[in-house]
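Asker:
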């Protein structure tokens with residue numbers, strides 16, 4: 007799963023009770039789906055800000071992806087079967103969607119992902135988020 011470090015900035019702006027849900031290590035996929043439905047309802051009723059949701063759709067989507075990877079890694083169906091699930095931030099990369107000067111070319115961003123697949127990182131804690139070849143805690 008491709009996460010983003012922008013999700014960390016987002017957590018700083020999030021309502022504390024809402025943030026508490028996302029930083030819990032034992033957050034389940036069903037709880038995450040419930041949060042997604044709450045965000046949808048809140049946005050549909052034009053009360054997102056009042057409900058404590060940050061305004062960055064991109065950041066929220068990446069936060070959900072990072073939490074989904076962590077929740078999926080904890081599922082008993084996968085535990086002990088050699089399946090590893092991670093989220094990784096390749097960094098700010100030049101793509102046809104960026105018009106600013108990114109820090110990395112797409113090849114350098116892809117290298118972050120390949121590194122994670124090839125290295126001993128796979129032996130680390132399943133469900134972790136990786137940024138600059140280091141585990142970074144969500145929240």
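Numbering (the working numbering), first residue to last: 7 to 145.
Every residue gets a Cβ at the ideal spot worked out from N, C-alpha and C, and that includes glycine.
Owing to the predicted nature of the structure, the values given are computational and were not obtained by experimental measurement.
According to the Cβ coordinates, are residue 94 and residue 122 closer than 7 Å?
Answerer: For the purposes of this step, residue 94 is identified with residue 88 of the chain shown, where counting begins at 1. For the purposes of this step, residue 122 is identified with residue 116 of the chain shown, where counting begins at 1. Against a cut-off of 7 Å, the Cβ pair of residue 122 and residue 94 comes out as a contact.
Asker: Count the other CB atoms within 10 Å of the CB of residue 51; is the residue buried (16 or more) or exposed (fewer)?
Answerer: Looking up residue 51 in the chain shown gives position 45. Exposed.
Asker: Answer with buried or exposed for residue 61, where buried requires no fewer than 16 other C-beta atoms within 10 angstroms of its C-beta.
Answerer: Here the question's residue 61 lines up with position 55 in the chain shown. Counting Cβ neighbours within 10 Å, residue 61 comes out exposed, since fewer than 16 surround it.
Asker: Give me the Cβ distance between residue 139 and residue 118, rounded to the nearest whole Å; I'm assuming they're in contact under 8 Å.
Answerer: In the chain shown, counting from the first residue as 1, residue 139 sits at position 133. In the chain shown, counting from the first residue as 1, residue 118 sits at position 112. Going by Cβ atoms, the distance from residue 139 to residue 118 rounds to 7 Å, so yes, they are a contact pair.
Asker: Hey, out of 38, 135 and 28, whose CA is closest to residue 3's CA?
Answerer: Nothing can be reported for residue 3: it is not among the residues displayed for the chain, which extend from 7 to 145.
Asker: Out of 31, 7, 100 and 56, point me to the one whose CA is closest to residue 2's CA.
Answerer: Past the boundaries of the shown model lies residue 2; the chain is included only from 7 to 145, so the question cannot be answered.
Asker: I want to know whether the stretch 30-44 touches the stretch 71-88 - three or more CB-CB distances under 8 Å.
Answerer: Yes, since at least three Cβ pairs between the stretch 30-44 and the stretch 71-88 fall closer than 8 Å, the two stretches touch.
Asker: Compute the beta-carbon to beta-carbon distance between residue 28 and residue 145, rounded to the nearest angstrom, for a pair I have assumed lies under 8 Å.
Answerer: Here residue 28 corresponds to residue number 22 of the chain shown, with the count starting at 1. Here residue 145 corresponds to residue number 139 of the chain shown, with the count starting at 1. Indeed, because the Cβ distance is near 6 Å, the residues count as touching under 8 Å.
Asker: Thinking just about the alpha-carbon of each residue, which of 41, 68 and 88 is nearest to the one in residue 7?
Answerer: The residue you call residue 7 lines up with position 1 of the chain shown. Ranking 41, 68 and 88 by Cα distance to residue 7 puts 68 first.
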